[in-house]
Amino acid sequence: MKLETTRAAEAKLLVPTYDRNPLLFERGEGVFLIDEKGDRYLDLLSGIGVNALGYGHKSIEDAIARQSKALIHTSNLYFHTGQAELALRLTEKSGMDRVFFANTGTEAWEGAMKFARAHAGLLREEGRTIGTKFLAMEQSFHGRTYGSVSTTYKAKYREPFGPTLPGVEFVRFNDVADLKAKFSTDVCAILIEAIQGEGGIRPATAEFMQAARELTQATGALLIVDEIQAGVGRTGKFCAYQHYDVQPDITTLAKPLAGGVPLGAILCTEEVARAIHPGMHGTTFGGGPLACAVAIAVLDEIDRSGLMAHATEVGEYFMDALRGLATKHEAIVDVRGKGLMVAAEVNTAELGKTIVRKMLERKILINCTSETVLRFLPPYILSKANVDQAIAALDEILTEDAAQVAAAKSEEKVSG
Ligand SMILES: *Cc1c(COP(=O)(O)O)cnc(C)c1O
Numbered sequence: 105m106k107l108e109t110t111r112a113a114e115a116k117l118l119v120p121t122y123d124r125n126p127l128l129f130e131r132g133e134g135v136f137l138i139d140e141k142g143d144r145y146l147d148l149l150s151g152i153g154v155n156a157l158g159y160g161h162k163s164i165e166d167a168i169a170r171q172s173k174a175l176i177h178t179s180n181l182y183f184h185t186g187q188a189e190l191a192l193r194l195t196e197k198s199g200m201d202r203v204f205f206a207n208t209g210t211e212a213w214e215g216a217m218k219f220a221r222a223h224a225g226l227l228r229e230e231g232r233t234i235g236t237k238f239l240a241m242e243q244s245f246h247g248r249t250y251g252s253v254s255t256t257y258k259a260k261y262r263e264p265f266g267p268t269l270p271g272v273e274f275v276r277f278n279d280v281a282d283l284k285a286k287f288s289t290d291v292c293a294i295l296i297e298a299i300q301g302e303g304g305i306r307p308a309t310a311e312f313m314q315a316a317r318e319l320t321q322a323t324g325a326l327l328i329v330d331e332i333q334a335g336v337g338r339t340g341k342f343c344a345y346q347h348y349d350v351q352p353d354i355t356t357l358a359k360p361l362a363g364g365v366p367l368g369a370i371l372c373t374e375e376v377a378r379a380i381h382p383g384m385h386g387t388t389f390g391g392g393p394l395a396c397a398v399a400i401a402v403l404d405e406i407d408r409s410g411l412m413a414h415a416t417e418v419g420e421y422f423m424d425a426l427r428g429l430a431t432k433h434e435a436i437v438d439v440r441g442k443g444l445m446v447a448a449e450v451n452t453a454e455l456g457k458t459i460v461r462k463m464l465e466r467k468i469l470i471n472c473t474s475e476t477v478l479r480f481l482p483p484y485i486l487s488k489a490n491v492d493q494a495i496a497a498l499d500e501i502l503t504e505d506a507a508q509v510a511a512a513k514s515e516e517k518v519s520g
């Protein structure tokens, strides 16, 4: 069997960074992934928030076919039309002024951190008092390369690779007093996910975003919002910070930006861009003609099909249904999210794992993050019927689990 031979070959040949689920996918159609046996899985994770238009979307296939025949790569030594065309769409949608194209989330985040240091350096040259320190958030996730992992909270991601970047301090997320206590003119930037993804789909409070904006504005420090998971329309607005009355100085995009083709972007203000000159930063592959053409097709399709409004509507429907489940099953302790960035928190890590496994047996893909948080990042094209299928499966699994818990309790009574 293909799965078994592949699994055995990988076990010998690959660096063991992943603990994969025993599934081998060969094709996709809409919101479904199809494995080597032809079984169809409802994908409520879409990569990890990547396949915004689902699988086999004609606009993506056409863009790849067209652009791959014309030109795949030129380097950043020459012009092609894609970067400016895409940057125009991104700046209009985000309220930012300028764009730098990278390849992945972590690379965009690294660049954002470098821009902040360079900007603080420029302010110092101009006579302002501002340091080089970063304030990052507890439960944050910004990626795996050094700068990103240094600003990522969980010790398991950082500590094996220490020493990480000095000059990073963590603040309790949504704790305005802690943020104020740790902020000073030593700080060059505050780093926030408007809705923490990996950390458990936790939205920033309006007060916290406002405080971060006001503190940074007073000293010339930057507010950098990581939209790599929440951005590009998933939450019903182009960027999640647009749910707040706050405009950051820098934001980063990646995961869904080119619908499955790797592409990252740093979006910044004119003020930040002032600190960057030719030769200071760059990339071989970033913003290549192929990735840009696909991203343009994705953004145009999101507009044409009204997918941000759709994400809001289906996301509300999804969260209402989960809240309904929560009234029936004590094991669900919280439901939260925005648009199609949705979470249901359960009461034990063991139940979280069981639900992921049993959903997989029912051919539905979800993920559990931060031990107890069932995370749903489906394609934006998800329908209410797809939601109904997922809810029915969750209801069944939770009913089974409650029955098992009750049986174990009565057994305890008998034997005790
Ligand atoms: C996934 C993610 C990253 C890292 O992106 P990669 O493309 O995996 O490097 C950074 N920040 C957030 C919020 C993410 O969800």
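Counting the sequence shown from 1 gives a position; my numbering is that position plus 104.
We put the beta carbon where it would ideally sit given N, CA and C, even for glycine.
No experiment lies behind these values; they were computed from the predicted model shown.
Span of the alpha helix (DSSP H), counted from its first residue to its last, around residue i
i: E311; result: A310 to T323
i: N471; result: Where N471 is concerned, there is no enclosing alpha helix (DSSP H), although the beta strand (DSSP E) it sits in stretches over N471 to T473.
i: V402; result: P393 to R408
i: G368; result: Per DSSP, G368 belongs to no alpha helix (DSSP H); it is in the beta strand (DSSP E), G368 to C372.
i: M445; result: Where M445 is concerned, there is no enclosing alpha helix (DSSP H), although the beta strand (DSSP E) it sits in stretches over M445 to V450.
i: V336; result: No alpha helix (DSSP H) contains V336, which DSSP labels as neither H nor E.
i: E229; result: G209 to E229
i: E465; result: A453 to E465
i: A344; result: That residue, A344, is in no alpha helix (DSSP H); it is neither H nor E in DSSP.
Spatial neighbours of residue i in its chain, beta-carbon cut-off 6 Å, leaving aside the 5 residues before and after
i: I468; result: L146, A494 and A497
i: S163; result: A401 and E405
i: L319; result: F287
i: M313; result: Y348 and V350
i: L175; result: P393
i: F265; result: none
i: M412; result: G337 and G340
i: V365; result: A395 and V398
i: T249; result: T210 and E214
i: R306; result: Q300
Extent of the continuous beta strand (DSSP E) to which residue i belongs
i: R131; result: F129 to E133
i: G441; result: I436 to K442
i: K237; result: K237 to M241
i: Y145; result: R144 to D147
i: D330; result: L326 to D330
i: A358; result: Segment: none, A358 is in no beta strand (DSSP E) and carries neither H nor E.
i: L295; result: V291 to I296
i: I138; result: F136 to D139
i: L531; result: The first residue shown for the chain is 105 and the last is 520, placing residue 531 beyond what the model contains.
i: F524; result: The shown model of the chain, from 105 to 520, leaves out residue 524, and the question about it has no answer.
i: F274; result: V272 to V275
i: V477; result: V477 to F480
Pair within 8 Å by beta-carbon distance, residue i and residue j
i: Q358; j: L371; result: Note on residue identity: the sequence assigns Ala, not Gln, to residue 358. In this structure, L371 does not lie closer than 8 Å to A358 by Cβ.
i: F219; j: V446; result: no
i: T476; j: G443; result: no
i: A369; j: T356; result: yes
i: H223; j: L326; result: yes
i: L361; j: V329; result: no
i: E297; j: S254; result: no
i: E140; j: E130; result: yes
i: R144; j: F136; result: yes
i: H381; j: Y484; result: no
i: G247; j: G209; result: yes
i: L283; j: A315; result: yes
Selected residue, minimal CA-CA separation from residue i, among the options
i: L455; options: C472, I168 and G215; result: C472
i: K197; options: H433, Q346 and P482; result: Q346
i: M384; options: T323, F204 and F183; result: F204
i: R221; options: G235, G231, Y421 and V437; result: G235
i: G225; options: A293, T178 and I168; result: A293
i: H433; options: S474, L128, T503 and G391; result: T503
i: R440; options: R427, S519, M463 and R378; result: R427
i: P272; options: V280, V460, Q300 and E242; result: Reading the sequence as shown, one finds Val at residue 272 and not Pro. The shortest Cα separation from V272 among V280, V460, Q300 and E242 belongs to E242.
i: G186; options: G390, A506 and E114; result: G390
i: R479; options: D505, V450, P270 and A435; result: V450
i: E500; options: I138, P120, A259 and M463; result: M463
i: A334; options: R408, S179, A112 and V154; result: V154
i: L481; options: D290, E189, F238 and V418; result: V418
i: T452; options: G410, D505 and A425; result: D505
Cβ shell of residue i (< 7 Å), same chain only, five flanking positions each side left out
i: G324; result: L227, R232 and I234
i: G215; result: F204, A206, I370 and H385
i: Q171; result: P393, L394 and A397
i: M423; result: V439, G441 and V446
i: A430; result: I436 and V439
i: S252; result: T210, W213, E214 and H246
i: A191; result: V203
Spatial neighbours of residue i in its chain, beta-carbon cut-off 8 Å, leaving aside the 5 residues before and after
i: E374; result: D201 and R202
i: Y257; result: A240, M241, E242, Q243, S244, F245, F274 and G303
i: Y421; result: K488 and V491
i: N180; result: G386, T387, T388, G390 and G391
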